[in-house]
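Read top to bottom, the protein sequences are chains A and B. For what it's worth, our numbering labels the leading residue of the first sequence as 14, then goes sequentially. For what it's worth, our numbering labels the leading residue of the second sequence as 14, then goes sequentially. For every residue, glycine included, the Cβ atom is placed at its ideal position computed from N, Cα and C.
Protein chains: 2
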Amino acid sequence: MASEFSGTRRPGGRTGRTRLAALNATLELLGERGYAELTVEAVAERSGVHKTTLYRRWESAEGLVAAALLMGTEQPWEAPDTGSLEGDLREVNLELVHYFTAPGERELPTASISAAFLSPRAAEALREFYVDRHARSAPIVERAAGRGEVPLGTDPVEVVRVACGPIFYRLFVSREGVTPQDADVAARAAAAAAKAGVFTAKTGGTASPPA
Amino acid sequence: MASEFSGTRRPGGRTGRTRLAALNATLELLGERGYAELTVEAVAERSGVHKTTLYRRWESAEGLVAAALLMGTEQPWEAPDTGSLEGDLREVNLELVHYFTAPGERELPTASISAAFLSPRAAEALREFYVDRHARSAPIVERAAGRGEVPLGTDPVEVVRVACGPIFYRLFVSREGVTPQDADVAARAAAAAAKAGVFTAKTGGTASPPA
Numbered sequence: 014m015a016s017e018f019s020g021t022r023r024p025g026g027r028t029g030r031t032r033l034a035a036l037n038a039t040l041e042l043l044g045e046r047g048y049a050e051l052t053v054e055a056v057a058e059r060s061g062v063h064k065t066t067l068y069r070r071w072e073s074a075e076g077l078v079a080a081a082l083l084m085g086t087e088q089p090w091e092a093p094d095t096g097s098l099e100g101d102l103r104e105v106n107l108e109l110v111h112y113f114t115a116p117g118e119r120e121l122p123t124a125s126i127s128a129a130f131l132s133p134r135a136a137e138a139l140r141e142f143y144v145d146r147h148a149r150s151a152p153i154v155e156r157a158a159g160r161g162e163v164p165l166g167t168d169p170v171e172v173v174r175v176a177c178g179p180i181f182y183r184l185f186v187s188r189e190g191v192t193p194q195d196a197d198v199a200a201r202a203a204a205a206a207a208k209a210g211v212f213t214a215k216t217g218g219t220a221s222p223p224a
Numbered sequence: 014m015a016s017e018f019s020g021t022r023r024p025g026g027r028t029g030r031t032r033l034a035a036l037n038a039t040l041e042l043l044g045e046r047g048y049a050e051l052t053v054e055a056v057a058e059r060s061g062v063h064k065t066t067l068y069r070r071w072e073s074a075e076g077l078v079a080a081a082l083l084m085g086t087e088q089p090w091e092a093p094d095t096g097s098l099e100g101d102l103r104e105v106n107l108e109l110v111h112y113f114t115a116p117g118e119r120e121l122p123t124a125s126i127s128a129a130f131l132s133p134r135a136a137e138a139l140r141e142f143y144v145d146r147h148a149r150s151a152p153i154v155e156r157a158a159g160r161g162e163v164p165l166g167t168d169p170v171e172v173v174r175v176a177c178g179p180i181f182y183r184l185f186v187s188r189e190g191v192t193p194q195d196a197d198v199a200a201r202a203a204a205a206a207a208k209a210g211v212f213t214a215k216t217g218g219t220a221s222p223p224a
């Protein structure tokens, strides 16, 4: 899918400006209406990009949403570096809690998760976004291994999944809401499991801390 | 919301049979079409319950879906008892992985999670379902505390959230799919964190296993 618009990734130029206008309008409308109500017509109206251009470049509302979600991989994001694994995971989780709960901010990320249930291409775009986000988060665990906080060979992505999984579980499965305190508990849980060697292929099966 | 149909919970009787027919048809259609395509007319047709009865008892398709999702709290489910915290959490996670990935089975639970994005009443029903499921899972951790596997005062629900959070994260956020192996890693992570004292109000702040 990336090839579909990677040719338009040059920052400037008319093509680049058109793409940004169309995809930013798509994100606005996704946050405002959700995927089910999003139409190419509405994106044309909001962006000022002609409908025929939108259809030619992105085929459909689904194509626009998929391309718009993938724009996230072009945004700058660096993993926090607080000096401890627990601190870094807490920062990541606090950012998630804010992003998915703050009124006026939560609408778009929530609509993105929701769109993936209705659109295979949105789901694939979400998957690609998180592949990129996982890769950018890896230094958190690599630095912790370098400091001797966790065993060498600890799988960075597994640590991230355990750290943020409970946040998303509360938000979108058990629907019980999430607070900064929950972000802290989940970060401490992932760090403790990592220190216990759960995420190393070798020791994962047996390592466990004293009760 | 429970009061809305708790009066119809008597197992037998015409009222009970009508309710079961309507809500089971609702679940069938939810799995087949998803929430957005579900109509009272379709439920009437599928269940043989007259439309006016459906509207009188459940008001709308949303009311039917909320009531149908809450039926889950009436189903028998007991937490596994394998003799170890890790074993019990693994069983719970393996059940989840099967339920949310097996073709012909995953459709309904997936549509239930998805419906909650579109319907506040479905979200509330999902929340009530998981409150019940959390309560039924608590013995896993209480038995582990009794065996001395985890500190007394370990929060059972926090353990469950950390155990199954990564499963749902893979399924519905990072969209990378989930395997029995992933169920095992997440179960070991939650057990290790619990043993490290992360989920006890008292020691949570400081306890961590040796790296």
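Query, Result
"Proximity test, Cβ basis, 9 Å: A:Thr114 and chain B", "no"
"Neighbour list for B:Arg119 in chain A, Cβ cutoff strictly below 8 Å", "The premise fails here: B:Arg119 is roughly 12 Å from chain A at the closest Cβ pair, so nothing lies under 8 Å."
"Simplified DSSP state of B:Thr192, which is helix, strand or coil", "coil"
"Chain D contact for A:Thr86 (CB, 9 Å cutoff)", "The chain inventory of the structure shown lacks chain D, comprising the protein chains A and B."
"Neighbour list for B:Leu139 in chain A, Cβ cutoff strictly below 7 Å", "Arg188"
"For A:Thr52, three-class secondary structure by DSSP", "coil"
"Sheet register partners of B:Thr213 (DSSP bridge)", "B:Thr167"
"Cβ-Cβ distance between B:Ile180 and A:Phe185 below 9 Å", "no"
"Presumed contact (8 Å Cβ cut-off) between A:Phe142 and A:Leu51, rounded CB distance", "Incorrect: roughly 18 Å between the Cβ atoms, too far for contact."
"Any chain A beta carbon closer than 9 Å to B:Ala199", "yes"
"Counted within 10 angstroms of its Cβ, other Cβ atoms place B:Gly61 as buried (16 or more) or exposed", "exposed"
"Min CB distance A:Leu40 to chain B below 9 Å", "no"
"Chain-order list of residues whose beta-carbon lies under 6 Å from that of B:Glu75 (same chain, five-residue window excluded)", "Ser132 and Arg134"
"Within-9 Å CB hit, A:Thr66 to chain B", "no"
"Segment limits, alpha helix (DSSP H) that includes B:Arg146", "Pro133 to Gly159"
"Cβ shell of B:Thr86 (< 7 Å), same chain only, five flanking positions each side left out", "Glu141, Phe142 and Asp145"
"Straight-line gap, A:Gly20 to A:Asn37 (C-alpha atoms, nearest Å)", "At A:Gly20 the pLDDT is 41, less than 50, meaning the model places this residue with poor confidence; the figure from the coordinates comes in the next sentence. So the alpha carbons of these two residues sit roughly 18 Å apart."
"Chain-order list of residues whose beta-carbon lies under 7 Å from that of B:Asn106 (same chain, five-residue window excluded)", "Ala176, Cys177, Ile180, Ala196, Ala199 and Ala200"
"Proximity of B:Arg174 and A:Arg103 at Cβ, strictly below 9 Å", "no"
"CB contact check: B:Ala80 to chain A, cutoff 9 Å", "no"
"Buried or exposed (CB count within 10 angstroms, at least 16 for buried), A:Ala81", "buried"
"For A:Ala205, the three-state DSSP class (helix, strand or coil)", "helix"
"Length of the line joining the Cα atoms of A:Ala205 and B:Ser150", "22 Å"
"Beta carbon proximity, B:Thr95 to chain A, threshold 9 Å", "no"
"Partner residues on chain B for A:Glu171, Cβ-Cβ distance less than 7 Å", "Val198"
"Reference A:Ala35; option with closest CA among A:Ala55, A:Ala49 and A:Gly25", "A:Ala55"
"Assigned secondary structure, B:Pro93 (DSSP; H/G/I helix, E/B strand, else coil)", "coil"
"For B:Arg4, three-class secondary structure by DSSP", "This structure cannot speak to residue 4 of chain B, because chain B is shown only from 14 to 224."
"When A:Thr213, A:Gly166 and A:Arg156 are compared against A:Leu98, the one with the closest alpha-carbon", "A:Arg156"
"Nonlocal neighbours in the same chain, by C-beta distance under 6 Å from B:Pro152, ignoring five residues either side", "Ala92"
"Own chain residues within Cβ distance below 7 Å of A:Leu42, not counting five before or after", "Leu51, Ala55, Val56 and Arg59"
"Beta-carbon proximity check, B:Phe130 vs A:Thr65, cutoff 9 Å", "no"
"Euclidean distance between Cα positions of A:Ala202 and B:Gly190", "23 Å"
"Through-space distance from B:Glu108 to B:Tyr48, alpha-carbon basis", "24 Å"
"Spatial neighbours of A:Glu162 in its chain, beta-carbon cut-off 6 Å, leaving aside the 5 residues before and after", "Leu98"
"C-alpha gap between B:Val170 and A:Leu77, whole angstroms", "40 Å"
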